[in-house]
Structures are given as C-alpha cells and as structure tokens.
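Okay, so here's the structure we're looking at.
There are 2 protein chains.
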Amino acid sequence: MSPAGRRRYVTQADVAQAAGVSRPLVSLVMQGSEHVSEEKRQRVLEAAASLGYLNNGIATSLAGNRSHCMVGFLAQSLSNPVFVDVYESLVEELRAHGHRVVLMQGGFDPEEEDHSLRDLVTLRPDGVVLVGYAGSTSALGAAVNSLPVVAVTRQIEMSGVSSVYSDDRMSADLAVDHLVALGHRDIAHLALPADIPYEGRADGYRKAMARHGLPDRVVFPELSARGAAEMVHELMTEGSAPTALFCGNDVLALGALDALARLGVRVPEDISVVGHDNTSFAARMGLTSVDQHARQQGRIAAEILMRMIEQENLKDEIETRRLLPRLVVRRTTSLPPSPR
Amino acid sequence: MSPAGRRRYVTQADVAQAAGVSRPLVSLVMQGSEHVSEEKRQRVLEAAASLGYLNNGIATSLAGNRSHCMVGFLAQSLSNPVFVDVYESLVEELRAHGHRVVLMQGGFDPEEEDHSLRDLVTLRPDGVVLVGYAGSTSALGAAVNSLPVVAVTRQIEMSGVSSVYSDDRMSADLAVDHLVALGHRDIAHLALPADIPYEGRADGYRKAMARHGLPDRVVFPELSARGAAEMVHELMTEGSAPTALFCGNDVLALGALDALARLGVRVPEDISVVGHDNTSFAARMGLTSVDQHARQQGRIAAEILMRMIEQENLKDEIETRRLLPRLVVRRTTSLPPSPR
DNA sequence: GTGAAAGCGCTAACAA
DNA sequence: TTGTTAGCGCTTTCAC
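Residue numbers (the numbering used here), protein chains in the order written: chain Y, 1020 to 1359; chain C, 1020 to 1359.
Here it is, written out as structure tokens:
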C-alpha cells in the first residue's frame, strides 16, 4: 500500500509511469478533458486510485498561473460569536460562487496580526477579509498592492481597502437614548479595551451622555465574560451603583448579568442591561442588544470581494458600506428603580 | 506604484532586474543567507521594498520540496463554542512549535465534508485535525495515506488516524447518576441529531436509565438553541412533563432554559437541567454541565500531530487518548419538585 | 560572493 | 488522441 519509508505524496509522474502514459496525459485526465481515449483514461484512473494520488493544488495554481479559488479570512478572535456569524455567512455566500474560505486567527497583538496576514497572503489567496483587524498599516499596505482586501465590522480608511461596518456611534446613541427615555440618568459603560479597534462605541457613549447633559462613567474590564463579571461586581459594591449598564458587546453583557445574579441584583427591576451584537445567546437570554447585522455584513463583504476579484485591476475601485445598527429591546431593560 | 493594468504579484525576477542582480541572489537575500555582500543585500532589499515584493509561499514550498509549516483544521461548525475552544488551544500549542493553522468549515453534509477535506489536503498541509468529522471513509482514507490525521472530540477507528476524545457514555452516566441521586425519575434527553457523530451521548443516556430501571425518553430537536427551545416548549405543554432534562450540548441547554423561562417554569425548583461541554456561557449562566476538557483535547491533539509529523513514516504509529469527562454542578440542578 | 542550470508538480502551448 | 517542450516562482546544487 503506502511506501514503507518516508511519507511522500504520489505525483502525476508516478501515475503516468504506472499507467504507461506520458505525464501531461495524466494531467488531461485529471482535468476531465474530453480528448482522451476511453482506454487510457481508465488506465490512468485506475493507476491513480491504486496509488492514492491526490492533486497538488499548490503546483496546479502555480503552473496554470491561475487562482486557487480561495479567499483568506483573518479573524482577531472567534470567542465572540459575532465573528463566527460573519465567517459563516461569508463562507455560505462565497461557496455559492465556487470559492472556499480559509480562516486564520490573528490575535490581539498587532505584531501577531501582521504576521498572520503575511502568512495568509503567502498562500496566494484571491482576496482577503479582515475582521477586527488591529495590525499595522505597513503589512496591510503591502497586501493591498497585490490583492483585494475588505475589512468587516470596522472601517479601515486606506486606499485599496473596502469596508463593511456598522455605525458604532449610532449604536451608542440607540442604547443611551433608549435608557434615557426609560428614565435612567446614571448609565455606566462597560467598554471594549482601548487597544482593539472599536473605540466608536465608547466615544459614541460619551457623546450621547453629553448630549443629554449626563455625566459619563466608562470602565474597562478585561475582554471576557469573567472580566466583565469582576468589573461589575466592583462597580456595584463600591460607591454608588448605576441604574443601567451599556456593554461593549454581548460577551461582556453575559458576564455582567452573571455578576448581578450572584449579587442578588434583579434585572431589570434594579438595573437595566444593554448588550451589543445581538448574538444568538442574547436572543435566548432575553438581553436587550444592539444588532450590527453581522450576517448581512458577511454577505455584503463577500459580494464586494467577488466584484474586486473579478475586475482585478485598479486598486482604487473600493466600496464602503456603512450599515445602520438596530436596537432590539428585550427583557433586560425597563424603568429605573424609583428613588428610595 | 502598482502596475496600471491587471494586478500581478511582484516576483523575485522583478526584484532581481530592478536591483541588477541574478534571480538566485534575491532568493539568498530573502532567506537571510550570510554569504551575500552587504552592498548587494541592500540593493536587493531596497528594490524588494519599493516594488512591494511578497514571498510566494506556494512556490517556495514547491521548489524547496519542503513543508509550509501549516496544518489544516476541519471544523464541522463553529457555532458551538466548544469547537472554538479546541481550535484556539490547538493554535496556541502549534504556534509555539512554529506551525500555523488554517481552518476550513466542513458542514453537516457528508459530501461537503469530503469536499472540504480534499480542498484542505490540496494545500499540502503537514497534517490535518478533524473536529466532529462526519465525512465518508473514502476521502479520509485517501488523506491518511499521505499525511498525519488526528480526530478530536470523537474517535475515528481507522488505520492512520489518531484520536483524542472524551468518553460520551460516561458523560451520560455522570449526568443521569447525578439526577437520579437527587431523586429524579423522569429524565428526558434532548439529543444531538442522529446523523452527527456523537451518538455516544444518547446511547449512554439510554443505558444509564436502563441501569436504574427507569424508562427513557429521547427527543431530537433541530441542532440550535432555537430548535431546542421549540422542542422543550412542546415537551412541557403536551402530556406529562419530565422533572429533569439532560441536553446533548450547552447550546441546546441554553435553548431549553429560554423556553422554560418563557413558560414560567422555574429552574431548578420545577425542573433540573444539565448541559454538556461546560462552555464559558455555561459557567456564566450557572448551568450544570459535563466538561469534556475541550482545551486539553486541543492541546493533546497538537502534541500528537507534532509527533506524527516528526516521525514522518509508518502510518500505523497512531495514538488514541480517551479523556474522562467531569460533571460540574451549578445552579440548574436540585431535588425534583415534591409530588403534588 | 555570484551566476548558470536544473528541478519541485503541474499545465499549456505545440507538433506529431 | 498523444507525447514533446517550455514555463509558473522559487530553491538548490555547482562551477566560476
């Protein structure tokens, strides 16, 4: 069966020899060409099957000077389900166009992101999708010169980079306005770390509070449900507790809800909570959350990318799509507790 | 800047011409060879930078007849956070060994899985990790002949495939024994679909119930929180409601909790709920769940894969690691309601 | 130190 | 219909 010694892939040359034909003929058979006699086709296919031949896509795309039909997806993290939503909808859309998607994890460290992006480009994809990219502009600039790039869930203002994103300032407006309309005045914000590229949420929150003439209160928990839980515990036990919490994303909101439950603080009777991203667990938990249309973003990104790939020239032919977020009100927000 | 017409990658030949040196010299410089004069090295590096040269990893590995330092990861789905845990811990471990990981989504359709696996192998990775693989044995057999394969979260009994998994029958034992010890007799099981490869959970549940002399009740919701919610709604409103629910995974458990909350059924006072996988949201929601040590599975898979890659011969040098699951008791399980 | 030549696995012109 | 030849971008002998 398999060769005894060092593992080695079976090549078309091996198949050709076994079948007693020339190398290019094997190539023709593998490509399903019509112009091959039935007899040789059979011989080749049998030889290939018995040797366990597997096409080498790397060599194919190199020789044919053609594309893999592959696009790269660089995700900062998958622990936030919203990124999974983007990925899945993108895969779905691109598959329909005959493209496959390979994902690499970037990470939160800019250097790591850079490195991952370079690794991805090394595979010579037809294009690259960046989700929550926080790398340097230099690595990005190099990529942009050679292949189409589209950023999702945030805008990257750079020549050659298309963007699909949701307006984060408006997200904050929606959340704050909703809470203020209910009568809240003491609204704290559980922000995403300052070094990840979603500062619009915190900025928007500050502006919205100022617009209502209310003082703002921003805290920066570690980016995890646990981190949020610890921060909320602190917030609720030291000094004056807010009557409402706007969380930078649903993962943080989940942690917040946990901490509140442990403290015996009732939601929404004692405190209201708003999340961000409207992930499926927000829906299941009855969490009021801002929807940034993740699946739609993935779909649009796929469309833009396909267009960029097809025209294949003119790096300034980029598109920018800003979506309007939508507040989904559920069971975690209501009137503030009446003053004692 | 970039060429006006059709987008084309800059090659070493372009760099060589611009720098006025030979092609191989550029290669040497790019590989950081010592045996190059400082002057030419500078010229080459400048030319490369100004042209925006990016190495072609595809051509490199082909020419050098050497590996990418890349391993493939085929995931059935990422909507279940437990698979993300496996992926992230694997990436962490393999990165430390200088390997990068590219992920492709398989899907639930066996044909799709097959296709994805072939696509992945086409990229000539050093090895492949399968998570929740449900493809055909033929595609797998072909892969196994050419490169190391390790299956995670389930066992694949096939020559050449290593496996890391948690004992699903024992999971069911832990859950059922816990509930029975609390006094439950009417325990229903929200099973994973029969066509995905985790039948051990349902089998184990049936056996455990039989062992206790109790009748079993298995229902098959659609594999999503929403599906579980609908199924549980049905279960609780038609006929006799069980006093406890053992769910095939935490996603289903989340849906179950949602449905119960909407029905006004209290957990754990009226009904106990046990999940599976001990995902981070189980921890945050106080869900009693069976931990299958996902991160540890990822780490072990990485170690096994590295070992298989290094020895590089003898396809029967495989390893099988069965982990023992652990029940984590939280707030969703307690005594059954006292009979009316 | 540097260039010429050969080759990785495959495809795409040819000619036969 | 088939084999021969050349070449994709890169690395790797091997002379010079």
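In this text, a Cβ means the ideal position worked out from N, Cα and C, and glycines have one as well.
Of all alpha-carbon atoms in C/Ser1080, C/Met1123, C/Val1147 and C/Asp1296, the one lying nearest the alpha-carbon of C/Ser1185 is that of C/Asp1296.
Between C/Phe1127 and chain Y, the shortest Cβ-Cβ separation is not below 8 Å. In the structure shown, the three-state DSSP call for C/Ala1162 is helix. A check of alpha carbon separations from C/Glu1132 across C/Arg1119, C/Val1120, C/Val1148 and C/Pro1144 identifies C/Val1148 as the nearest.
By the neighbour-count criterion, in which 16 or more other beta carbons inside 10 Å mark a residue as buried, Y/Ser1108 falls on the buried side. Chain C has no Cβ within less than 8 Å of the Cβ of Y/Ala1313. Chain Y places a beta carbon closer than 8 Å to that of C/Met1304, counting this residue as a contact. Fully enclosed beta strand (DSSP E) runs of no fewer than 3 residues occupy 1168 to 1171, 1180 to 1185 and 1206 to 1209 of the stretch 1164 to 1219 of chain C, in order along the chain. If you check the CB distance, Y/Ala1161 and Y/Val1168 do not come in under 8 Å. Using a CB distance cut-off of 8 Å, C/Phe1300 counts as an interface residue toward chain Y. Judged by their CB atoms, Y/Arg1143 and C/Asn1075 are nearer to each other than the 8 Å cut-off. Taking a contact as a CB-CB distance under 8 Å, the pair C/Phe1102 and C/Ala1115 does not count as one, their CB atoms being some 21 Å apart.
Taken residue by residue, none of the stretch 1169 to 1190 of chain Y has a beta-carbon sitting less than 8 Å from a beta-carbon on chain C. For the C-beta of Y/Thr1141, the chain C residues within less than 9 Å are, from N- to C-terminus, Leu1073, Asn1074, Asn1075, Gly1076, Ile1077, Thr1079 and His1087. Across the structure, Y/Ala1272 and Y/Ala1244 are spaced so that their CA atoms are roughly 7 Å apart. Along the length of the stretch 1241 to 1293 of chain Y, whole beta strand (DSSP E) runs at least 3 residues long occupy 1263 to 1266, reported in chain order. Contacts with chain C at 8 Å (Cβ-Cβ) include Y/Leu1097.
C/Asp1128 and C/Glu1336 have their C-alpha atoms some 30 Å from each other. Contacts between C/Glu1107 and chain Y, judged by CB atoms closer than 9 Å, involve Ser1096, Leu1097, Ser1098 and Gln1124 in chain order. DSSP, read as helix, strand or coil, puts C/Arg1349 in coil. Restricting attention to C/Ser1157, C/Ser1080 and C/Ile1206, the CA atom closest to the CA of C/Gly1232 is found in C/Ile1206.
With respect to chain Y, the C-beta atom of C/Tyr1028 has a partner C-beta closer than 8 Å. Residue-level contact check: C/Gly1274 touches chain Y, since one or more beta carbons of chain Y fall below 8 Å from its beta carbon.
Of the candidates Y/Ser1041, Y/Arg1085, Y/Ala1035 and Y/Ser1155, Y/Arg1085 places its Cα closest to the Cα of Y/Ile1328. By alpha-carbon distance to Y/Met1049, the top candidate from Y/Asp1033, Y/Ala1037, Y/Gly1039 and Y/Ala1067 is Y/Ala1067.
With a 10 Å radius around the Cβ and a threshold of 16 neighbouring Cβ atoms, C/Ala1082 comes out exposed.
If you ignore the 5 residues before and after Y/Lys1059, its C-beta comes within less than 8 Å of the C-beta of Ala1038, Val1040, Leu1044 and Val1048, all in its own chain and listed in chain order. Here Y/Gln1036 carries a helix assignment [DSSP, helix/strand/coil].
Beta-bridge partners assigned by DSSP to Y/Ala1094: Y/Gln1124 and Y/Val1150.
Boundaries for C/Leu1047: no beta strand (DSSP E) harbours it, while the alpha helix (DSSP H) harbouring it runs Arg1042 to Met1049, taken from the DSSP string. Per the coordinates, the alpha-carbon of Y/Met1228 lies some 6 Å from the alpha-carbon of Y/Pro1234. Where C/Arg1318 is concerned, the enclosing alpha helix (DSSP H) starts and stops at Ala1313 to Gln1330.
DSSP, read as helix, strand or coil, puts C/Arg1085 in coil. The residue from C/Glu1322, C/Pro1355, C/Pro1358 and C/Ser1353 with its alpha-carbon nearest to that of C/Val1171 is C/Glu1322. Between Y/Val1292 and Y/Thr1339, the C-beta spacing is not below 8 Å. For Y/Arg1340, no alpha helix (DSSP H) segment is defined; the enclosing uninterrupted segment is the beta strand (DSSP E) at Thr1339 to Leu1342.
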